[in-house]
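Encoded as structure tokens, the structure appears first; notes follow it.
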Amino acid sequence: MHRISLQLCVLSLFSSLLLSGCSGQEGIQQQTSEQISTQLAQVGLDPKESEAHEAVPSQTSTDIKERKDLRTRKSGEDWSQFLGPRENSTSTETGILSPWPEAGLPLEWQVETGEGYSAPVTSKGRLFLFSRVGREITLHCYQSETGVELWDFKYPTDYRDQYGYDGGPRCSPVVDEDRLYLYGPEGMLYCISVMEGKEIWRVNTMEDYGVIQNFFGVGSTPVIEGDLLLVQVGGSPPGSENASFSRLEGNGTGIVAFDKMTGKERYYVSKELASYASPVLATMHERRWCFVFARGGLVAFNPSNGKLDFEYPWRARILESVNASNPVVVGNEVFISETYGPGSSLIRVLENGSYEVVWSDADKGRNKSFEAHWNTPIYHDGYLYGCTGRHSSTAELRCIEWETGEVQWSEGGLDRCSLLKVDGHFVCLGEYGTLRLLKINSKQYEEVSVFTPKDEGAARFPGVQAPGLLKYPAWAAPVLSHGLLYCRGKGVLACFELIPESP
0 MHRISLQLCV LSLFSSLLLS GCSGQEGIQQ QTSEQISTQL AQVGLDPKES EAHEAVPSQT
60 STDIKERKDL RTRKSGEDWS QFLGPRENST STETGILSPW PEAGLPLEWQ VETGEGYSAP
120 VTSKGRLFLF SRVGREITLH CYQSETGVEL WDFKYPTDYR DQYGYDGGPR CSPVVDEDRL
180 YLYGPEGMLY CISVMEGKEI WRVNTMEDYG VIQNFFGVGS TPVIEGDLLL VQVGGSPPGS
240 ENASFSRLEG NGTGIVAFDK MTGKERYYVS KELASYASPV LATMHERRWC FVFARGGLVA
300 FNPSNGKLDF EYPWRARILE SVNASNPVVV GNEVFISETY GPGSSLIRVL ENGSYEVVWS
360 DADKGRNKSF EAHWNTPIYH DGYLYGCTGR HSSTAELRCI EWETGEVQWS EGGLDRCSLL
420 KVDGHFVCLG EYGTLRLLKI NSKQYEEVSV FTPKDEGAAR FPGVQAPGLL KYPAWAAPVL
480 SHGLLYCRGK GVLACFELIP ESP
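All the letters of the sequence shown, read from the start, carry residue numbers 0 to 502 under numbering that gives the first Met the number 0.
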């Protein structure tokens, strides 16, 4: 496949095209509007669809056009929600490059991004990236194999992070058929059309539910369950804006279920306040469950009707602490982990709707089994793998036994990192932009390949090494879809070929 690395914004066909500079790789040139139209046509897309779109008044469902499939790489799977189709950063794709070429993975394309820590998602040949530029939150829709921009959707924001982190989105978009859902850092919840990027409905959760801004804004990606959109909201009673943060209470809207078609509220459950972990859906004991690692602990309920099953308190004593790692569900057991205090715990969900503790880090002092920060660990054949530790200097990649919490091995010096499981390996993305390929091994750390992608197009003096492409903080989880690996660093999204196309 011809490799390209470009930064391309396709504007309205009735205005001039603005092209960014080429990446500096051999054979990459600026493209004319004629060439762009040809490229769009080759993937089955009407060039008119590349017209930029702003937010518009609400649409009815009949206004949504039937979506075209833009993929040319037919093998593999879409990655349409946070952490993938199974919410566990696990891919079923096979045939990865192992080991990697000496020069690293082939770079297919790259685009500049605004602020944000949101991981992209893909669906039927489109990639959706949520970011912020200036005082606007923007969703970009790209052709996933080429990086050609098809449209964008914008809305104004005045969100400001209380701790000085960037003001972009933390949540990933969620794609469901012809609709896509966004949850911005200031609490704006949108449903838009996939084909055109037009608004269908919106809800201001901050105003409607009395949400007091959390430490780092909104950061829990919603999930789809049937005809419902489940959103961690965490509102407080009237007058709470004058209360100290340590005394905030919930008003019962910890998790709100919205009708995904209309945005109308269907139910709400739990007095918990919001966290940065996303809801996780599972089937056990012959019914559906939803597990939310909220600000004060784990909430378990029936997603069909909002009936609360149990709450399991689990939070650090210090005020400035968050729960940010998703629950990991295996069979009828649920693992939760945080890094500011109690560490990890494994519970077993009972058929009567209660639970029992299998093991806990609460009384282990400094010898805790696992302390996940924002990255969600991955289960494989009786073991759990992931990054443990709050700070870069002390973070380790670790393997523990699922049923006991016993540490099997730890590897330091990798900074804080995110894993993606595929084809008997882990792809490991470090926060400073280094990519590693690891063999899954419960007995020892086994590194197959490592490389740090370089920004070959950056201006530099002759003989001086190019800077890294994926700059700190590369905190967004890596994404794999139809053989292509998508990684986000500060100001850039890069697409690499991890699985070569079959001849």
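Note that the Cβ used here is the ideal one computed from N, Cα and C, for glycine as well. Quantities reported herein were computed from a predicted structural model and do not represent experimental measurements.
Counting only runs that start and end inside the region 109-152, the beta strand (DSSP E) elements of at least 3 residues fall at 120-122, 125-132 and 135-142. If you look at Y208, you'll find it in the alpha helix (DSSP H) that goes T204 to Y208. Runs of the beta strand (DSSP E) lying entirely within the region 322-397, each at least 3 residues long, are 327-329, 332-336, 343-348, 354-359, 377-379 and 382-387 in chain order. G429 places its beta carbon 8 Å or farther from that of L418. The region 248-261 and the region 194-213 touch, with three or more beta-carbon pairs separated by less than 8 Å. Taking one beta carbon from each stretch, the region 71-80 and the region 472-482 have 3 or more pairs nearer than 8 Å; the two touch. Residue environment for D380: exposed (fewer than 16 other C-beta atoms within 10 angstroms of its C-beta).
Within 10 angstroms of the beta-carbon of S392 lie fewer than 16 other beta-carbons, which makes it exposed. Annotation for D362: no residue places its beta carbon closer than 8 Å to its own, counting only its chain and skipping 5 residues before and after.
Cα atoms of V193 and D68: separation of roughly 12 Å, rounded to the nearest angstrom. Contact annotation: A256 and L227 have beta-carbon atoms nearer than 8 Å. Below 8 Å, too few C-beta pairs join the region 233-251 and the region 177-184 to call them touching: fewer than three. Exposed is the label assigned to Q464, since fewer than 16 other Cβ atoms lie within 10 Å of its Cβ.
Judged by DSSP in its simplified three-state form, S192 adopts strand. Distance check between Q231 and each of F450, V291, F495 and E264 places V291 closest, using alpha-carbon atoms only. S409 is a Cβ neighbour of E395, given a cutoff of 8 Å. Assignment of S277 by DSSP, reduced to helix, strand and coil, places it in the coil class. Per the C-alpha coordinates, the member of I223, P376 and G163 positioned closest to P84 is I223.
Setting aside the 5 residues that flank it on each side, P472 is surrounded in the same chain by E430 and K489, each with a C-beta closer than 7 Å to its C-beta; the list follows chain order. Take G234, set aside five residues on each side of it, and the residues of its chain with a beta-carbon closer than 6 Å to its own are Y208, G209, V210, N250 and T252, in chain order. With respect to F309, V268 sits apart: the two C-beta atoms are not nearer than 8 Å. Beyond the five residues adjoining it in sequence on each side, S171 comes within less than 6 Å, by CB distance, of F81, S117, A118, V120 and T220 in the same chain, given in chain order.
The residue among S274, Y266 and P236 with its C-alpha nearest the C-alpha of N213 is S274. The distance from the Cβ of R365 to that of G340 is about 12 Å, inconsistent with a contact at the 8 Å cut-off. In the assembly as shown, N351 is an exposed residue. Its beta-carbon has fewer than 16 other beta-carbons within 10 Å. Closest in alpha carbon position to P376, among H284, C289, F334 and L96, is F334.
For the pair E198 and Y189, the CB atoms are nearer than the 8 Å cut-off. Under the DSSP definition of a beta bridge, G296 partners with A293 and P312. Spatial neighbours of G163 in its own chain (CB-CB distance under 6 Å, excluding positions within 5 residues in sequence) are not present. Collapsing the DSSP output to three states places S245 in a helix. Across the structure, L297 and V348 are spaced so that their CA atoms are roughly 12 Å apart. By alpha-carbon distance to E319, the top candidate from G262, R389, Y354 and L383 is R389. With fewer than 16 other Cβ atoms inside 10 Å of its own Cβ, V356 counts as exposed.
When beta bridges are read from the DSSP output, D258 appears opposite L227. Within 10 angstroms of the beta-carbon of D151 lie 16 or more other beta-carbons, which makes it buried.
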